[in-house]
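Just so we're aligned, residue 446 is where the sequence shown starts under the working numbering, counting upward by one. In this text, a Cβ means the ideal position worked out from N, Cα and C, and glycines have one as well. Please read all numbers here as calculations on a predicted model, not as lab measurements.
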Amino acid sequence: MLKIISQTNSQILISAPKKSFALNLIGFIFTFMFGSIFSFIPIYMAFMTSSEIGVLRINCDRIEPQQVDCQISKSKFFDLVQQEPLNYKFVNSFKYNVVEGKDNEGDTIIWYNFSLLTKSGEKSPFKSTSLSTATSVTSSLNSFLLSQQESVRYILDERFEPNRYFVFFFLLPFIAVGLAFVWGAFSIFVDYEEILLDKSKQQLKHSKRTLLGTKVSHFLFNEIAKSDILYTIDSYKNVFFTPRITVNSKLQFKLDTIRDRQVAIKIANDLNRFMGLPEEEDPVVKQ
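Shown next as structure tokens:
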């Protein structure tokens, strides 16, 4: 919080007390580590999930009445990454096998291995975690094999399956909170706020530096409404006083909260006197 750092007859400097580099470094390390764990693990999970979402393309041609050749390709990352297509000759039928396993956390997961029965044996080109995908692919392609059609083109676009995005909605809050902590870690070395009251220029200069840049504002003393004190009471009936400089109803600068009412009143009236504003006997208002 902001405190009066120095005061002369012509200037008052208000800013947050600077911490030592060692304390800032410790704060950065712990905040960054917490944010990294909170965000990077969900980001990795989202990355792995994205790698499984793409477009499945199966092209089958009837070369001879008893010979069907198929080409299968499965893209990744929302169809942005294409994989080499796989070619199979003498395809007799399609099926899928239900496989049960454990994930990294020990939870049971189920997926479906697709198999093509060919003249040279059983081939398993890809797998899916969707039962609807498994049944749709096998039923459509087996129907083609039993027919006299010359060719079939099967496309399954997983990008438009809503159930594949549930995991992203679950992970998004964790990622957002984690990245906020990472941002805060870097802000420890950058963020700075300062108020300079300059009597010779009859102005208040407010400087605020963040990771996004530095913003500087100037206000003449006659543009400032007043300096007063906000008081609040917590659930334990403790009373706190917060001196503030009010420019207008939308802009105010709050100083550090203190417990001593008389000290707070002195700070507010000293600021009013310095800026040539009316002093008040009891400039305390409820928040």
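Cα-Cα separation, Phe492 to Pro607: Here residue 492 refers to the residue found at position 47 when the sequence shown is read from its first residue. Here residue 607 refers to the residue found at position 162 when the sequence shown is read from its first residue. Whole-angstrom Cα-Cα distance: 17 Å.
Contact under 9 Å by Cβ, Asp602 with Val526: One-based indexing of the sequence shown puts residue 602 at position 157. One-based indexing of the sequence shown puts residue 526 at position 81. The answer is no: Cβ separation not under 9 Å.
CA nearest to the CA of Ser520, picked from Trp628, Tyr541, Ser495: In the sequence shown, the residue the question calls residue 520 occupies position 75. For the residues Trp628, Tyr541, Ser495, the minimum Cα distance to Ser520 belongs to Ser495.
Option in Ser672, Ile678, Asn683, Lys699 with minimal Cα separation from Pro728: Counting from one through the sequence shown, the residue named residue 728 turns up at place 283. Cα-wise, what sits closest to Pro728 is Ser672.
Residue environment, Met446, which counts as buried when at least 16 other CB atoms sit within 10 Å: As a working note, residue 446 is residue 1 in the sequence shown. Under this definition Met446 is an exposed residue.
Residue burial classification, Ser484 (beta-carbon count within 10 angstroms, cutoff 16): Here residue 484 corresponds to residue number 39 of the sequence shown, with the count starting at 1. It counts as buried.
Ser694 versus Leu656 - alpha carbon distance: The residue you call residue 694 lines up with position 249 of the sequence shown. The residue you call residue 656 lines up with position 211 of the sequence shown. Whole-angstrom Cα-Cα distance: 27 Å.
Burial state of Tyr681 (16 or more Cβ within 10 Å): By 1-based counting over the sequence shown, the position of residue 681 is 236. The residue is exposed, with fewer than 16 neighbouring Cβ atoms inside 10 Å.
Three-state secondary structure assigned by DSSP to Gln512: Translated into positions along the sequence shown, residue 512 becomes position 67. Three-state DSSP puts Gln512 in a strand.
Among Phe477, Ile459, Leu470, the one whose alpha carbon lies nearest that of Trp628: Counting from 1 along the sequence shown, the entry for residue 628 is found at position 183. Per the Cα distances, Phe477.
Delimiting residues of the alpha helix (DSSP H) encompassing Tyr489: Walking along the sequence shown from the start, residue 489 turns up at place 44. Segment 466–497, the alpha helix (DSSP H) holding Tyr489.
Range of the contiguous beta strand (DSSP E) that encloses Gln648: Translated into positions along the sequence shown, residue 648 becomes position 203. Residues 648–655.
CB-CB length for Ile620 against Ile488, believed under 8 Å: Position 175 of the sequence shown, counting from 1, holds the residue named residue 620. Position 43 of the sequence shown, counting from 1, holds the residue named residue 488. At roughly 6 Å, the Cβ-Cβ gap stays under 8 Å, so Ile620 and Ile488 are in contact.
Residue range of the alpha helix (DSSP H) that includes Asn558: For the purposes of this step, residue 558 is identified with residue 113 of the sequence shown, where counting begins at 1. Segment 553–563 is the beta strand (DSSP E) holding Asn558; no alpha helix (DSSP H) there.
Buried versus exposed call for Arg718 [16 or more other C-beta atoms within 10 Å across all chains shown]: The residue given as residue 718 occupies position 273 in the sequence shown. Classification of Arg718: exposed, given that the 10 Å Cβ count is below 16.
Given 8 Å, three or more beta-carbon pairs between the segment 624–644 and the segment 506–518: no
Ile565, buried or exposed, once every other Cβ within 10 Å from all chains shown has been counted against 16: Residue mapping note: residue 565 aligns to position 120 of the sequence shown, counting from 1. Checking the sequence shown, residue 565 turns out to be Ser, not Ile. Ser565 comes out exposed.
Boundaries (first-last residue) of the beta strand (DSSP E) holding Thr453: For the purposes of this step, residue 453 is taken as residue 8 along the sequence shown, with counting starting at 1. No beta strand (DSSP E) holds Thr453; DSSP gives it neither H nor E.
Continuous beta strand (DSSP E) stretch holding Gln697: start and end: Within the sequence shown, the letter at position 252 stands for residue 697. That run of the beta strand (DSSP E) goes 696–699.
At least 3 beta-carbon pairs within less than 8 Å: the segment 502–512 vs the segment 580–589: yes
Own chain, CB closer than 7 Å to Ile703, minus 5 neighbours either side, in chain order: Your numbering for residue 703 matches position 258 in the sequence shown. Once the five neighbours on either side are set aside, the close Cβ partners of Ile703 are Phe686, Ala709.
Supposed contact pair Ile678 and Leu649 - C-beta distance, whole angstroms, cut 8 Å: The residue labelled residue 649 in the question sits at position 204 within the sequence shown. The residue labelled residue 678 in the question sits at position 233 within the sequence shown. With a Cβ gap of about 30 Å, Leu649 and Ile678 do not count as contacting.
Residue range of the unbroken alpha helix (DSSP H) whose run includes Pro728: Counting from one through the sequence shown, the residue named residue 728 turns up at place 283. Here Pro728 belongs to no alpha helix (DSSP H), and DSSP marks it neither H nor E.
For Thr563, the nearest candidate out of Phe611, Tyr533, Thr578, Ile457 (CA to CA): If you number the sequence shown from 1, residue 563 lands on position 118. Closest option to Thr563, Cα to Cα, is Tyr533.
In DSSP terms, what Asn504 is bridged to: Stepping through the sequence shown from its first residue, residue 504 is reached at position 59. Paired residue(s): Gln516, Arg598.
First and last residue of the uninterrupted alpha helix (DSSP H) at Leu591: As a first step, residue 591 is located in the sequence shown; it is residue number 146 there, counting from the start. Element bounds for Leu591: 576–591.
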